[in-house]
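See structure below.
Numbering (my numbering), first residue to last: 1280 to 1633.
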């Protein structure tokens, strides 16, 4: 897919530097974005944080590495991801700006094009060849910087997930020794119905799809969605006839294992990041097997950060609006519901880590 913007000029306006992207088509309007992205080299350059954000938002696709290919994201998905990123080092207020930034990065060899795909990470085999061949081209430099950005993005995502898992684990530990199943069931059902009401309020009674919501509303929807199905899993666990303490202990142990695995992965990625920095700085040799091992770590990290897998599986199998609607209907008059669901979420800390 050809670039939309092919000419870029730096201007100053009101004391601020901007990059103006000129479209190839005369029917398109020029777009400007932050001049902080002018520098496309160096460990401290702002563009690295944009690349990190792009990778971090779409781990599974961006890091799908195979032999003789790179880590890619479709051009359309890359544009949407940048436009909707919750945290970005520069202001991106439209998909036009996001597309202009993508094209600017392509023009400066930070990213490459492969048909309708945007290549963010080079083939890991080329990473091994770099030191042996003494490569020092701009493409080699961009590849190293992107790999470092990818690893940093992964370690950040892992830490966020560790925090989430530990919060859920603590919630489970607090329930150890609670043997009143009916009381616990009522509490979970109450919480779930309150969250369901918030979902219905956000979607105008279920009339709006997730895609109809703004970026901030979509983020809130995703937090509520995960909370809704997490509580559904908890309800199933306590409704089982097996001993509640044993069930909670099993779940706690499984979460502890998740944290241990994530800690190990995070430590391994940090080692690889340190080595890549040395390659960038002193051209230290990295052999092919090490490069492939790192790629495998990155490719598989999306599965590792799944958190509570049962909740994720339910989200894929069940319709959120249908579940929320049925729960709200059970409550009768929705106006009589107390609005303390937000307090519940904050007290558990669960959603802050999603």
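Where a beta carbon is used, it is the ideal one built from N, C-alpha and C, also for glycine.
Keep in mind that this is a model prediction, so the values were computed, not measured.
Under a 10 Å Cβ-count criterion, residue 1536 is classified as exposed, with fewer than 16 other Cβ atoms of the shown protein chains found around its own Cβ. Residue 1490 and residue 1497 have their C-alpha atoms some 8 Å from each other. Residue environment for residue 1328: buried (at least 16 other C-beta atoms within 10 angstroms of its C-beta).
Inclusion of residue 1286 and residue 1301 in the CB contact set at 7 Å is warranted, their separation being smaller than that value.
For residue 1292, the enclosing beta strand (DSSP E) begins and ends at 1284 to 1292. By the 16-neighbour rule on beta-carbons within 10 angstroms, residue 1296 is exposed.
Pairing residue 1423 with residue 1467 gives a Cβ-Cβ distance that is not under 7 Å. Note on geometry: alpha-carbon atoms of residue 1447 and residue 1288 lie some 50 Å from one another.
The Cβ atoms of residue 1304 and residue 1369 lie no closer than 7 Å to each other.
Residue 1350 places its beta carbon less than 7 Å from that of residue 1400.
Around the C-beta of residue 1549, fewer than 16 other C-beta atoms lie within 10 Å, and the residue is accordingly described as exposed. In terms of Cβ geometry, residue 1377 and residue 1358 form a close pair [threshold 7 Å].
Under DSSP, residue 1299 takes part in a beta bridge, and its partners are 1288 and 1311.
With respect to the C-alpha of residue 1311, the residue from 1284, 1532 and 1320 having the closest C-alpha is 1284.
Counting of Cβ neighbours within 10 angstroms places residue 1476 among the buried residues, the total reaching 16 or more. In this chain, the alpha helix (DSSP H) harbouring residue 1356 covers 1354 to 1363. Shown here, residue 1320 sits in coil according to DSSP, grouped into three states, outside any helix or strand. Going by DSSP, residue 1607 is part of the alpha helix (DSSP H) stretching over 1599 to 1609. For the set 1542, 1316 and 1325, the Cα lying nearest the Cα of residue 1437 is the one of 1542. Under the three-state reduction of DSSP output, residue 1369 falls in the coil class, being neither helix nor strand. Residue range 1374 to 1386 is occupied by the alpha helix (DSSP H) that includes residue 1386.
If the five residues before and after residue 1371 are omitted, its C-beta is found closer than 8 Å to the C-beta atoms of 1312, 1361, 1362, 1364, 1377 and 1380, all from its own chain and listed in chain order. DSSP, read as helix, strand or coil, puts residue 1515 in helix. With a contact defined as Cβ atoms closer than 8 Å, residue 1319 and residue 1387 qualify at about 4 Å.
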